[in-house]
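Beneath this line is the structure, given in structure tokens, with notes to follow.
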């Protein structure tokens with residue numbers, strides 16, 4: 069199955085293996101041997117306190133101690149990761165990343181530029197089709213969904229859905245965690261509110277979201293400040309709309325002062341996805357594939373969940389009863405997570421244009 073030249077998989081074998089799904093124990097054993105022969109994996113932009121990546125690294129190193137993990141620039145952004153591939157096409161040294169973990173939009177653009185190598189992990193079928201490239205060039209790894217963080221000292225009956233936010237008892241209570249004229253997170257929140265009304269994905273949901281926030285603002289319920297756990301605790305923004313992993317981490321930071329609820333709305337559950345990919349110029353292609361196999365195994369996926377980043381295979385894991393109860397106990401109920409939708413780039417782009425262009429004229433609330 070493999071052809072070797074020294075420590076590296078030959079180009080002919082790499083081409084044959086590029087989009088192969090590991091489907092047998094023998095195939096996996098061969099991949100492990102090839103990765104160990106390479107002896108190194110180079111990652112980039114993976115801080116240890118993000119999505120429990122520190123635990124992911126430790127577990128991978130313990131499982132495969134023969135592979136040295138070289139971690140580049142943990143605080144880099146998605147653009148920096150793609151540029152690192154671009155800048156190191158002819159470099160097989162320590163500055164050339166084997167793998168990247170980037171925002172959704174960077175996967176298709178990097179594929180188009182020829183910077184990625186296709187590879188389908190053995191758990192490929194349990195990754196939602198809407199969150200992966202059909203040819204295996206990139207695929208979602210984890211996601212957050214828009215959620216409500218609620219100050220229980222000030223809000224006795226937490227909202228269960230977007231429509232609830234319009235109720236009079238939530239006057240001067242609801243804030244976004246960013247400015248919807250510029251912040252992707254805030255734009256996605258407006259979009260999610262629009263989807264909850266039954267509007268079609270894309271521009272229509274953007275239009276409906278603007279109308280929803282127009283009503284929220286007219287009712288006196290919208291607080292036009294950039295909300296944070298601190299403003300929630302102070303009572304300035306008792307209900308904060310934010311990605312669930314940020315709200316859950318904020319809950320831990322507040323440590324019960326005040327007590328909080330984290331609510332996944334029962335409709336308009338929009339997921340923001342990050343994606344994994346292998347560099348087309350990876351110096352260690354087999355170690356990169358083995359890394360992917362680990363990340364998309366049950367063990368790897370559940371480690372991300374410890375950091376409140378929902379693994380892309382969460383629904384399949386939950387359905388099969390593979391999510392430990394202690395992890396589930398730290399999360400909102402799983403039922404609404406199962407409703408998560410993954411907007412395409414085209415849908416996101418159409419909604420973003422609609423929301424950013426028309427927020428001022430439709431909603432008229434300058435978020436600061």
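Numbering (my numbering), first residue to last: 69 to 436.
A virtual CB, placed ideally from N, CA and C, is assigned to each residue, including glycine.
If you're wondering where the values come from, they're calculated on a predicted model, not measured in any experiment.
1) Taking buried to mean at least 16 other C-beta atoms within 10 Å of its own C-beta, is residue 345 buried or exposed?
2) Where does residue 433 sit, in a helix, a strand or coil, going by DSSP?
3) Could you compute how far the alpha carbon of residue 285 sits from the alpha carbon of residue 379?
4) Check for me: the beta strand (DSSP E) holding residue 331 runs from which residue to which?
5) Ignore the nearest five residues each way along the sequence and tell me which others in residue 436's own chain have a CB closer than 8 Å to its CB.
6) If I'm right that residue 259 touches residue 268 with Cβ under 8 Å, what's the distance once you round it to whole angstroms?
7) What residue ranges within the stretch 181 to 268 form continuous beta strand (DSSP E) runs of no fewer than 3 residues, ordered along the chain?
8) So, with DSSP's three-state summary, where would you put residue 347?
9) Which first and last residues belong to the beta strand (DSSP E) in which residue 110 is found?
10) What residue does the alpha helix (DSSP H) around residue 323 start on, and which one ends it?
11) On the three-state DSSP scale, how would you describe residue 399?
12) Quick check: residue 383 and residue 406, are their CB atoms within less than 7 Å of each other?
13) Determine whether the beta carbon atoms of residue 343 and residue 109 lie at a separation below 7 Å.
14) Should residue 306 go down as buried or exposed, given a rule of 16 or more other Cβ atoms within 10 Å for buried?
15) May I ask you to report which of helix, strand or coil DSSP gives residue 134?
16) With a threshold of 16 other CB atoms inside 10 Å of the CB of residue 147, please say whether the residue is buried or exposed.
17) Between residue 185 and residue 355, is the Cβ-Cβ spacing less than 7 Å?
18) For residue 264, collect the residues of the same chain with a Cβ closer than 6 Å to its Cβ; drop the 5 residues on either side in sequence, then sort them by chain order.
19) At a cut-off of 6 Å, is residue 253 close to the ligand SAH when judged by its beta-carbon and the heavy atoms of the ligand?
Taking the geometry as given:
1) buried
2) coil
3) 34 Å
4) 328 to 331
5) 247, 292, 293, 294
6) About 12 Å separates the two Cβ atoms, so there is no contact after all.
7) 207 to 219, 242 to 244
8) strand
9) 108 to 112
10) From DSSP, residue 323 is part of no alpha helix (DSSP H); its letter is neither H nor E.
11) coil
12) yes
13) no
14) buried
15) coil
16) exposed
17) no
18) 230, 335, 336
19) Absence of the ligand SAH from the depicted structure is noted, as is the absence of any ligand whatsoever, leaving it without description.
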